[in-house]
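Numbering (our numbering), first residue to last: 5 to 217.
For glycine and all other residues, C-beta sits at the position ideal for the given N, C-alpha and C.
Since the model is a prediction, treat every value here as computed from it, not as a measurement.
Below: the structure, in structure tokens.
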């Protein structure tokens, strides 16, 4: 019985996510009241592999994995909002990610350019009032997108992953960071982008700034 109890506690610990941390700027309430349309950018993803795993891939392949995962997270976040638009009321409209990516491409802004681009400039290009972006740092590739990137099944490395992930919202006019939600997940929630986004957004939903009261 004691052995079974210890195993249960250990399994529960693996699947637990650390409590979120939220930052809100002083201009938060005033700025958000003016937002009508928000663009979701491709996620900024960093993939950290163990030395023996990294040897199997080139730097270009690892970068490709991160990029594909970034677009996958963007798509899953947009889908999450669409699926719940009937249940939850949002005070803004989220721009279709296909349009977002098409406008970025038209403006000559690549995935790698996003990290250094002024958020006000990006918002102007996209014609939105604010931009939302996820940033994720993970210990191994996720199963979705990553397998396509290099033509192998990364599930061989295991189904679990530790992910430090953040939602950032920048005002389109001032380009200032308005809201930041930090979340750390491990266990099965880190095995795919779908599970990661579902876990992240479920936890962020009650504090999400665009949820109608």
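Cβ neighbour criterion (16 or more within 10 Å) applied to residue i
{"i": "residue 74", "result": "buried"}
{"i": "residue 50", "result": "exposed"}
{"i": "residue 44", "result": "buried"}
{"i": "residue 138", "result": "buried"}
{"i": "residue 106", "result": "exposed"}
Where the alpha helix (DSSP H) through residue i begins and ends
{"i": "residue 95", "result": "Residue 95 -> no alpha helix (DSSP H), and no H or E assigned at all."}
{"i": "residue 140", "result": "From DSSP, residue 140 is part of no alpha helix (DSSP H) but of the beta strand (DSSP E) over 134-142."}
{"i": "residue 202", "result": "197-208"}
{"i": "residue 67", "result": "63-88"}
{"i": "residue 125", "result": "123-130"}
Limits of the beta strand (DSSP E) - the one that residue i falls within
{"i": "residue 172", "result": "167-175"}
{"i": "residue 184", "result": "181-189"}
{"i": "residue 44", "result": "41-44"}
Test item: CB-CB of residue i and residue j under 8 Å
{"i": "residue 29", "j": "residue 136", "result": "no"}
{"i": "residue 174", "j": "residue 123", "result": "yes"}
{"i": "residue 101", "j": "residue 82", "result": "yes"}
{"i": "residue 215", "j": "residue 94", "result": "yes"}
{"i": "residue 130", "j": "residue 46", "result": "no"}
Beta-ladder partner(s) of residue i, from DSSP
{"i": "residue 53", "result": "According to DSSP, residue 53 bridges with nothing at all."}
{"i": "residue 48", "result": "139"}
Same chain only: Cβ atoms within 6 Å of residue i, ignoring 5 sequence neighbours per side
{"i": "residue 133", "result": "39, 40, 41 and 176"}
{"i": "residue 36", "result": "213"}
{"i": "residue 184", "result": "27 and 172"}
Cβ neighbours of residue i in the same chain (closer than 8 Å, five flanking residues each side left out)
{"i": "residue 7", "result": "In this prediction, residue 7 has a pLDDT of 42, which is less than 50 and means its spatial position is unreliable; nothing more can be read from the coordinates."}
7 Å Cβ shell around residue i - same chain, five flanking residues per side excluded
{"i": "residue 160", "result": "At residue 160, the pLDDT of 39 sits below 50, so the modelled position is not reliable and the matter cannot be decided from this model."}
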